[in-house]
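Structure record follows, encoded as structure tokens.
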Amino acid sequence: MNKFKDTDMQAVIGWILRTGVLVSMSVIFIGGVIYLYRHGQTHVDYSKFVGVPDFVSNPGGIIQGIFTLRGRAIIQAGIILLIATPVIRVVFSAIGFVMEKDYLYTAITVLVLLIILTSMISGHAG
Amino acid sequence: MSVTVLTLIILVGSYLAGLLGSLTGLGGGVVIIPLLTILLGVDIQYAIGASLISVIATSSGSAAAYVKEGITNIRLGMFLEIATTAGAMVGALIAVYIPTNFIAVLFGVILILSAVMSLRKKSQQIHQQKSVLAEKLKLNGSFPGPTGEVTYSVRNVGGGFFMMLFAGVISGLLGIGSGALKVLAMDGIMRIPFKVSTTTSNFMIGVTAAASAVVYLQRGYIDPGLSMPVAIGVLLGALSGSKILVHTSSSGWLRVVFAVVVTFLASQMIYKGITGTI
Numbered sequence: 000m001n002k003f004k005d006t007d008m009q010a011v012i013g014w015i016l017r018t019g020v021l022v023s024m025s026v027i028f029i030g031g032v033i034y035l036y037r038h039g040q041t042h043v044d045y046s047k048f049v050g051v052p053d054f055v056s057n058p059g060g061i062i063q064g065i066f067t068l069r070g071r072a073i074i075q076a077g078i079i080l081l082i083a084t085p086v087i088r089v090v091f092s093a094i095g096f097v098m099e100k101d102y103l104y105t106a107i108t109v110l111v112l113l114i115i116l117t118s119m120i121s122g123h124a125g
Numbered sequence: 000m001s002v003t004v005l006t007l008i009i010l011v012g013s014y015l016a017g018l019l020g021s022l023t024g025l026g027g028g029v030v031i032i033p034l035l036t037i038l039l040g041v042d043i044q045y046a047i048g049a050s051l052i053s054v055i056a057t058s059s060g061s062a063a064a065y066v067k068e069g070i071t072n073i074r075l076g077m078f079l080e081i082a083t084t085a086g087a088m089v090g091a092l093i094a095v096y097i098p099t100n101f102i103a104v105l106f107g108v109i110l111i112l113s114a115v116m117s118l119r120k121k122s123q124q125i126h127q128q129k130s131v132l133a134e135k136l137k138l139n140g141s142f143p144g145p146t147g148e149v150t151y152s153v154r155n156v157g158g159g160f161f162m163m164l165f166a167g168v169i170s171g172l173l174g175i176g177s178g179a180l181k182v183l184a185m186d187g188i189m190r191i192p193f194k195v196s197t198t199t200s201n202f203m204i205g206v207t208a209a210a211s212a213v214v215y216l217q218r219g220y221i222d223p224g225l226s227m228p229v230a231i232g233v234l235l236g237a238l239s240g241s242k243i244l245v246h247t248s249s250s251g252w253l254r255v256v257f258a259v260v261v262t263f264l265a266s267q268m269i270y271k272g273i274t275g276t277i
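Protein sequence lines, in the order shown, are assigned to chains A and B.
Numbering follows numbering that gives the first Met the number 0, in which position 26 of the first sequence is assigned residue number 25; successive positions increment by one, without gaps.
Numbering follows numbering that gives the first Met the number 0, in which position 13 of the second sequence is assigned residue number 12; successive positions increment by one, without gaps.
The following block contains the structure:
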């Protein structure tokens, strides 16, 4: 097997980013079509911040919403996939650096992942 | 307004924002927030959430293309992402305690700075001066130029890192990519060739935005009904922009027009922030 090089990592990263955007945006689009179909005539007002509807504010509600074909739940699932895309890119960078035996950069990449994880947890607490 | 009408208006507006943002290099996020808040009366917190999502979509989409061309310095990006993600986390966490008026004013100031930055002359600088820290961190790199590989070295790693921390806070606080600040750090402080700094900055924007998006997602800033047309519109606009860029080499007059529009929007944000009508 050939040694894993920077150019291989570039190809993998490029593929992950492209696929992630394509898949998540498709999900968002499908959800959007369903949302417009079901709620197209509903009146909306975003002038006062009140958070998001209950059923899209937690993973359980979103999953249930997907199965009952609720447009906004599907959009929110697509948005979560989109947010995950660059994070997955970082995970694969870490694997790539391990394969290159570049342990300094493996550590740097893991640190970035830990920061994102901390952000996720502290957001939940606040 | 009904869902259909609002979605269509936002879709068209976001498309134009993405198109102009990509043609001028300012990014779509900086136009989306004034569009939503000033023209459509959307609460700035919802606008920040939706903008952040569009930032992740466009930066990931274009980074995919740049990374394959081999211009992006992945190690440099990875290293500086420590600063931008930490900054973004802090920015998103403190956003809750900062009055929206202040956020609007700060947004206006950053917007004007970005517009000025986009008008600046871009000189291709190549430095070979060695920095010990850059050497240790393997930050020096090369990229394919018209006459073969161009190697460059990175200077003032500490200063650049600090500036990135600030760029991260601004990104997390305002829901924008703050590409202008990232390029300022890499171009102005670390003396990296322009081509490398823009593509590497773009590469970092997605991760930076994701670090604050995980906070905003849980705080209800990211509304699916609003984010859907914004993300789709900005991404399609940015794609069209990159296609046009390939065909037309110069877009000098467009930059000037855009900078004027952006400055006008920025002063509106500042005015509304100060008078407390945002």
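Cβ coordinates follow ideal geometry from the N, Cα and C atoms, glycine included.
For clarity, every value in this text was computed on a predicted model and none was experimentally measured.
Cβ neighbour criterion (16 or more within 10 Å) applied to residue i
i	result
K242/B	exposed
L164/B	buried
T108/A	buried
M0/A	Bear in mind that a pLDDT of 43 at M0/A, under 50, signals an unreliable position, so the number given afterwards is only what the model happens to contain. With fewer than 16 Cβ atoms within 10 Å of its Cβ, M0/A is classed as exposed.
M189/B	buried
R119/B	exposed
Q40/A	exposed
M0/B	exposed
D42/B	buried
I125/B	exposed
V95/B	exposed
Q128/B	exposed
K47/A	exposed
T71/B	buried
Residue j beta carbon less than 8 Å from that of residue i
i	j	result
V153/B	F142/B	no
L25/B	F202/B	no
D186/B	Y45/B	no
P228/B	I55/B	no
R88/A	Y34/A	no
G64/A	S56/A	no
V156/B	A133/B	yes
S50/B	I31/B	yes
G27/B	A179/B	no
Range covered by the beta strand (DSSP E) that runs through residue i
i	result
S141/B	G140 to G144
Contact set between residue i and chain D, taken where Cβ atoms lie within less than 7 Å
i	result
F28/A	Given the protein chain composition of this structure (A and B), no chain D is represented.
Unbroken alpha helix (DSSP H) run spanning residue i, endpoints
i	result
V2/B	V2 to T23
H38/A	D5 to H38
S92/A	G70 to M98
G59/A	P58 to F66
I31/B	G28 to P33
(request) Could you name the residues of the stretch 124 to 157 of chain B whose beta carbon sits closer than 7 Å to any beta carbon of chain A, in the order they occur along the chain? (result) none
(request) For the stretch 8 to 26 of chain A, enumerate the residues whose C-beta is nearer than 9 Å to any C-beta of chain B, in chain order. (result) M8, Q9, A10, I12, G13, W14, I15, L16, R17, T18, G19, V20, L21, S23 and M24
(request) For the stretch 185 to 212 of chain B, enumerate the residues whose C-beta is nearer than 8 Å to any C-beta of chain A, in chain order. (result) G205, V206, A208, A209, A210, S211 and A212
(request) Could you tell me which uninterrupted alpha helix (DSSP H) segments, each at least 4 residues in length, are contained entirely in the stretch 66 to 147 of chain B, listed from first to last along the chain? (result) 73 to 94, 99 to 118 and 131 to 135
(message) List, from N- to C-terminal side, the alpha helix (DSSP H) runs of 4 residues or more that fit wholly inside the stretch 156 to 224 of chain B.
(response) 156 to 173, 178 to 182 and 193 to 217
(message) Output needed in chain order: residues of the stretch 94 to 119 of chain A with a Cβ under 7 Å from some Cβ in chain B.
(response) Y104, I107, T108, L110, V111, I114, I115, T117, S118 and M119
(message) By the 7 Å beta-carbon criterion, what residues does the stretch 32 to 51 of chain B contribute toward chain A?
(response) G40, V41, D42, Q44 and Y45
(request) Could you run through the stretch 90 to 107 of chain B and flag, in chain order, every residue whose CB is less than 9 Å away from some CB of chain A? (result) A91, L92, V95 and T99
(request) Give the residues from the stretch 79 to 92 of chain A that approach chain B closer than 8 Å (Cβ to any Cβ), ordered along the chain. (result) I79, L81, I82, A83, T84, P85, V86, R88, V89 and S92
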